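Using this note's numbering, you'd call the opening residue of the sequence shown number 512 and step up by one each time. By construction, the Cβ of each residue, glycine as well, lies at the ideal position given by its N, Cα and C atoms. No experiment lies behind these values; they were computed from the predicted model shown. Written below as structure tokens is the structure these notes are about.
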Amino acid sequence: MQNYKNITVDLTNCDKEPIHIIGRVQPHGFLMVLHKTTLTIEQVSENVGLYLESDVEDLLGKSLHAIISAEEMHTLERVFTSRIYMNPLLLHLRERAFFGFIYESADKYILECEPYSSDSDKVRLQQNCYYSHLQSELNNLSSQEELAKLITDYVQALLDYDRVMLYMFDQEWNGEVIAETVKPGVHSFLHHHFPASDIPAPARALLLRKHVRQIPDINAAAVDIVPYFNPTSGKPTNIIQSELRNPSEIHLEYLRNMQVGATLSVSIIVKGKLWGLITCHNLSPVFIDSWKREMCLLAAKALANMIPSIEETRDFNQFEAYKATEAKLIDQLYNTGEITRGLFESETNLLSLASCTGAAMFYAGKISLKGATPTAEQVQELIGWVTENATDSIFHTRELSRQFGQARPYKDVASGLLALEISKPHKEYILLFKPEIKETKIWAGKPDKVYTGDDMRIHPRKSFANWQEVVKGKSQPWSLNELDIAQLFLKDLQAFRLHSQAASLQRLNTELQETTDDLKQKNARLEDFAQIIAHNLRSPMNNIRGLYELYQITPDEETCGEVMDRVNTMAGNMLDTIQDLYDILHTTLNQNLAQDEVLLEELVKKEIQNLTAVIAATEADIKLELQAPKLYIPKVYMESIVHNLLSNALKYSAADRKPVIQVKSSTENGLFIFSVEDNGLGLDLEKVGSKLFGLYKTFHVNKDSKGLGLYLTKLQVESLGGSILVNSTVDAGTKFTVILGTPAN
């Protein structure tokens, strides 16, 4: 087996240094390795003679009984049997008092001893009071920075060290001094950053197991454990838990370069993980006894107990703030109904969702930018890369340019990326950016490894002059809170999109229904127009036939001229009606009927002209009282309404008297009122009222009755949003009243 003493350790292999079998101790105490069964002294540190006045040769192979009283031996045997090691123990070896430390190593017991002074008990009582005060103070503080400063103040007062620092690890095991207490004139390392290589992985693993370590004098000569190989196991003894274990020469040189004479470090363990260290430096050698070291450990544990609640409270408050922002963003989406407006165009926008300085989104074929971002073209390229490489709906990195080389030109604004997938098939994403860490980090010395000497042996850093290093290509990391809120936001965003899609489907369904209804109305209107054409043209044609019959009765030149004039007039009116219907069919099938300006007197007189033959035959007297001279409705409808009501009044006149027809119009309360009243046959409304406006319903014998006119009139009035009323008395006459909501002017 290789002897560790023959191994040269430097910075190229210090992370593999077998510090657990170093085979040396510091000289401020001595160490013995005991056989577990016989308690025979198998190994001992060479300085044992300074403490027990016995040579190494006198002790090796002897039983522990030879140097300890029977009473104390009995106490130790109880400890060995119970395997509960309440270190330190007060031991007397050859009438000298020591602090004793016992622990197991494989099948061996390790016994270490440090000098004991009666003053230690007084110090212990005094420090108990100080510690009680510390606990009270800790409970009154709520920030990590305040707690850390209180701890360094307490430890510095306890130890009287020149410098006490509280050192916190980051996720990559780099360290930062977050609190410090120093004596006047002593160099400060507050807020300095130290590279992870300063405390390599084996050293961190040791700090998890051995929570307190001191080096009273970094220049003290190391003391060998003899023999190096244990005589019964044939191996070096593992002394990883040793109070006295000598440090690595690399570490000692490191401390000398800091001009430190003595150190003490205490691990801060939070939830089983090495969170940080209390690191103490003294410029000159100084020994700290076990009681004071124990008080430092208690202080570290008190801090460790506080850290989770403080971090949880801080994280909770931060997450609640993020949640409030997220909720407001989602509210804005629902209020605006549009993703880009809701996320980019308000005071609360995507930049408020996390600790980011830029945001971009590609959605619905459009790129939106906010804050400090790459260009639109660079964002488009980046989204293509994310689409190909991201395996989850959320992707994040703090070193984008190392993963995506094309991001190097804009690493100053986008070293950190948090990508939220809206739709991968459409390459739709939201991107949040963090900038490259611009502020300079002050490291305690240049972290490059320095080669010196002819043998090119690697030495630790020789100078700790402040050196500034810009962290290139890295952003601040994305916190768990930021990732959690991003997950929540993405879920709520997708819910909004589903809601919007459902609303869009509803709108489409409504539009489809409206289109269907519109088509039905158009179809009904076509049928309506067909009826109007047939009905309105039949009467003029009958008039022409009547004029022809009149001419046959009196076939003279005067009658012929009069008939031809009237036929020409009626033919012109028929052509006008046909043209109006033709225009409407071509202009209103895809829209509502246009509102025409209808000059009522002109329209009524036109219809009277169309009915000239009937009027002449019945000698009817038509009186006009048109107080509302015009209105705005589809003209063809008004023509049909007037025609039907006038023709009905003439058609159903009484045989024993001349027809008297009153045509009136007026306005009342914003309504247009049009009526046609006659003195004709009248109707028994109790009998026929429910059938009056039915299709093909007739109630008097007349060769021209088709039962269509009133049916069409009612349809047209109702299509205009109006109503039609009827008052009638048998053998006295009938009055039809049309009420429309269309303004009369």
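Per DSSP, the unbroken beta strand (DSSP E) holding Met679 starts and ends at Arg674 to Phe680.
Approximately 12 Å separates the beta-carbon atoms of Lys803 and Gln667; this is outside 8 Å, ruling out the contact. With a cutoff of 8 Å on beta-carbon distance, Leu542 and Ser753 are scored as near each other. The DSSP-derived three-state label of Arg724 is strand. Under the DSSP assignment, Gly882 falls in the beta strand (DSSP E) whose first and last residues are Lys877 to Gly882. In this structure, the beta-carbon distance from Pro1145 to Gln1120 does not fall below 8 Å. When rounded, the separation of the alpha-carbon atoms in Cys791 and Gly876 is 60 Å.
Counting along the chain, the unbroken alpha helix (DSSP H) around Asn828 starts and ends at Ser801 to Thr847. Lys573 and Thr549 have their alpha carbons spaced roughly 10 Å apart. For Phe798 against Pro727, the beta-carbon gap comes to about 4 Å, under 8 Å, which counts as contact.
Where Asp1132 is concerned, the enclosing beta strand (DSSP E) starts and stops at Asp1132 to Leu1137.
Residue Ala1166 holds the alpha-carbon nearest to the alpha-carbon of Asp1242 among Ala1166, Lys619 and Arg913.
Beta-bridge partners assigned by DSSP to Lys619: His546 and Ser616.
The C-beta separation of Phe944 from Leu928 comes to about 6 Å, placing the pair in contact by the 8 Å criterion. His792 carries a strand assignment under DSSP once its states are collapsed to helix, strand and coil. The C-beta separation of Leu1161 from Ile1126 comes to about 7 Å, placing the pair in contact by the 8 Å criterion. Between Leu785 and Ile530 the beta-carbon gap is near 16 Å, outside 8 Å, which marks them as no contact. Annotated three-state conformation of Ala1165 is coil, per DSSP. The Cβ atoms of Glu656 and Val675 lie no closer than 8 Å to each other. By the CB criterion at 8 Å, Glu1150 and Leu1114 fall inside the cutoff. Taking the Cβ atoms as the reference, Val693 lies roughly 13 Å from His702, outside the contact range of under 8 Å.
Counting along the chain, Met584 sits inside the alpha helix (DSSP H) bounded by residues Ala581 to Ser593. Taking all protein chains in view, the Cβ of Pro936 is surrounded by fewer than 16 other Cβ atoms within 10 Å, so the residue is classified as exposed.
A contact between stretches requires three or more CB pairs, one per stretch, nearer than 8 Å, and the segment 819 to 831 meets this requirement with the segment 986 to 993.
Counting C-beta pairs with one atom in each stretch, the segment 758 to 775 and the segment 574 to 583 have fewer than three that are closer than 8 Å, which means they do not touch. Per the C-alpha coordinates, the member of Ser699, Leu999, Tyr739 and Ala731 positioned closest to Leu840 is Leu999.
Across the set Asn1034, Ile941 and Ile1235, the C-alpha of Ile941 shows the shortest separation from the C-alpha of Lys1002. Ile1172 is not a Cβ neighbour of Thr1178, given a cutoff of 8 Å.
Burial state of Gly1072 is exposed, judged by a 10 Å Cβ sphere holding fewer than 16 other Cβ atoms. Looking from the CA of Ile710, the closest CA among Trp684, Ala731 and His698 belongs to Trp684.
If you look at His603, you'll find it in the beta strand (DSSP E) that goes Leu600 to Leu604. Shown here, Phe1000 sits in a helix according to DSSP, grouped into three states.
Per DSSP, the continuous alpha helix (DSSP H) segment holding Phe855 begins and ends at Ile850 to Phe855.
Around the beta carbon of Asp1195, a 10 Å sphere encloses fewer than 16 other beta carbons of the protein chains shown; the residue is thus reported as exposed. Per DSSP, the continuous beta strand (DSSP E) segment holding Tyr940 begins and ends at Glu939 to Lys945. In the DSSP secondary-structure assignment, Cys624 is bridged to Phe541 and Gly611.
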